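In our numbering, the protein residues as written are 2 to 99.
Below you can see the structure in the form of structure tokens.
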């Protein structure tokens with residue numbers, strides 16, 4: 002949905018065709034994005050055109066960048082521990098099958 006809106010303003014009908022989701026699903030997602038201020042709606046006659054608001058995406062990017070430095074090392078350590086435990090289980094399984 003966001004990727005489709007990155008290309009410019011679109012109506013619900015246009016989004017339905019592009020994202021291959023039914024109209025109720027598109028409307029639901031637009032409502033969620035609108036409530037979070039990521040999307041703005043502009044009426045044009047009988048149509049409603051939706052577009053992205055860039056500022057919330059900038060703020061989200063800044064937030065992620067700030068916390069990436071904190072979380073990446075922790076997630077890397079967690080991934081290494083999961084791999085270590087998985088290998089240990091595999092070795093035990095092979096020994097018992099042996």
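The C-beta atom is built at its ideal place from N, Cα and C for all residues, glycine as well. Bear in mind that the values here come from a model prediction, so they are computed numbers and not experimental data.
Let me confirm a value: residue i is counted as buried when at least 16 other C-beta atoms fall within 10 Å, else exposed. Which label applies?
{"i": "residue 53", "result": "buried"}
{"i": "residue 40", "result": "buried"}
{"i": "residue 100", "result": "Outside the displayed range of the chain (2 to 99) lies residue 100, so it cannot be described from this structure."}
{"i": "residue 76", "result": "exposed"}
Please report the straight-line C-alpha distance between residue i and residue j, rounded to a whole angstrom.
{"i": "residue 48", "j": "residue 63", "result": "34 Å"}
{"i": "residue 97", "j": "residue 74", "result": "35 Å"}
{"i": "residue 51", "j": "residue 10", "result": "5 Å"}
{"i": "residue 84", "j": "residue 69", "result": "22 Å"}
{"i": "residue 59", "j": "residue 94", "result": "49 Å"}
Taking C-beta to C-beta, are residue i and residue j nearer than 7 Å?
{"i": "residue 16", "j": "residue 3", "result": "no"}
State the start and end residues of the unbroken alpha helix (DSSP H) segment that holds residue i.
{"i": "residue 86", "result": "55-98"}
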